[in-house]
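In the order they appear, the protein sequences are chains A and B.
Per my numbering, the very first residue in the first sequence carries number 7; after that it's consecutive.
Per my numbering, the very first residue in the second sequence carries number 282; after that it's consecutive.
So the structure is just underneath, and the comments pick up after that.
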Amino acid sequence: DTAVSQTPKYLVTQMGNDKSIKCEQNLGHDTMYWYKQDSKKFLKIMFSYNNKELIINETVPNRFSPKSPDKAHLNLHINSLELGDSAVYFCASSQGAGGPETQYFGPGTRLLVL
Amino acid sequence: GQNIDQPTEMTATEGAIVQINCTYQTSGFNGLFWYQQHAGEAPTFLSYNVLDGLEEKGRFSSFLSRSKGYSYLLLKELQMKDSASYLCAVNLYNTDKLIFGTGTRLQVFP
Chain A
7 DTAVSQTPKY
17 LVTQMGNDKS
27 IKCEQNLGHD
37 TMYWYKQDSK
47 KFLKIMFSYN
57 NKELIINETV
67 PNRFSPKSPD
77 KAHLNLHINS
87 LELGDSAVYF
97 CASSQGAGGP
107 ETQYFGPGTR
117 LLVL
Chain B
282 GQNIDQPTEM
292 TATEGAIVQI
302 NCTYQTSGFN
312 GLFWYQQHAG
322 EAPTFLSYNV
332 LDGLEEKGRF
342 SSFLSRSKGY
352 SYLLLKELQM
362 KDSASYLCAV
372 NLYNTDKLIF
382 GTGTRLQVFP
C-alpha cells in the first residue's frame, strides 16, 4: 500500500525515559513533517525536513530530536520524557516544499507518559 | 502572531446541510486547507482554496474570501459517517508550513 506509516501505534512509558518514533513514506515525497496533537485536539507543527534537510524547527524543547536518514524516513527521538509530552504524534509528507502542497498524514503514535 | 478560529462543536441532522466557518489572521497567507479527522484517526485532505470563491467537490464545497480572512466548508446531504472533526489550516506564504485551527467537532444525528 502506498502510504505514510508510523511505528509504534501506541507507546506507554515512564517519565525520564528516552523513546523513538519511526515514520516512513513510500509516496516518493520530498518533504516530511512531525506534528503534535494534544488532548484538546490542537494539531501543531514541530519539524519539517526536505530531502533530509531541516526546514522548519518550531519552538520545541531540545529533548526532541528529529533524524532523517533518507527522504523516505523521518524519525523522532525524545529524551527525558515528561508528563506533558503525552499526546498523539503524527508524521506527514508532501510532494515539495515552499508552497501549498497537500500533506498526507500517518496513522499517529499515541504516547502516554506515566 | 497567528490566529485561526473555528467553532468548537456543531450538530446537524442526517440529510441536512451544515456550514463550518473559519476566520484567520496570519502573517502571510498562501492558501487554506480543510482536513477531516475521524476520532482516533489521521487527518485526511478535503479541499484547498487559494483564490477567492467556491470550490465544489461532490457533497463538500469550500469557500474563501482573502480580503475578509474567512473561509467556510459546506457539507450537503449529511451522512452519519460525516461525524468527525473538521480542521481549517492556513498555509503561510512561501513555506510549506500549515497552521491549524483547533478544529470543529461535527456530530450528525439520525
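Heads up, the beta-carbon is just placed ideally off N, CA and C, and yes, glycines get one too.
All values reported here derive from a predicted model rather than from experimental measurement.
Minimum Cβ-Cβ distance from residue i to chain A less than 8 Å
{"i": "B:Pro391", "result": "no"}
{"i": "B:Asn311", "result": "yes"}
{"i": "B:Tyr305", "result": "no"}
{"i": "B:Asp377", "result": "yes"}
Cβ neighbour criterion (16 or more within 10 Å) applied to residue i
{"i": "A:Tyr16", "result": "exposed"}
{"i": "B:Pro324", "result": "buried"}
{"i": "A:Val18", "result": "exposed"}
{"i": "A:Leu80", "result": "buried"}
{"i": "A:Thr65", "result": "exposed"}
{"i": "A:Ser45", "result": "exposed"}
Whole-angstrom distance between residue j and residue i, CA atom to CA atom
{"i": "A:Leu118", "j": "B:Asp333", "result": "42 Å"}
{"i": "B:Asp390", "j": "B:Lys357", "result": "Strictly speaking, residue 390 of chain B in this sequence is Phe, with Asp absent from that position. Going by the C-alpha atoms only, they are around 14 Å apart."}
{"i": "B:Glu336", "j": "A:Lys50", "result": "26 Å"}
{"i": "B:Ser348", "j": "A:Glu107", "result": "22 Å"}
{"i": "B:Ala365", "j": "B:Gln388", "result": "7 Å"}
{"i": "B:Thr304", "j": "B:Tyr353", "result": "8 Å"}
{"i": "A:Lys73", "j": "B:Gly296", "result": "47 Å"}
{"i": "A:Pro75", "j": "B:Leu373", "result": "27 Å"}
{"i": "A:Tyr110", "j": "B:Pro288", "result": "24 Å"}
{"i": "A:Ser100", "j": "B:Phe310", "result": "18 Å"}
Minimum Cβ-Cβ distance from residue i to chain B less than 8 Å
{"i": "A:Ile62", "result": "yes"}
{"i": "A:Leu89", "result": "no"}
{"i": "A:Pro106", "result": "yes"}
{"i": "A:Lys28", "result": "no"}
Every unbroken beta strand (DSSP E) within the region 300-363 of chain B, with a cutoff of 3 residues, ordered by chain: 312-318, 325-330, 334-338, 341-346 and 351-356
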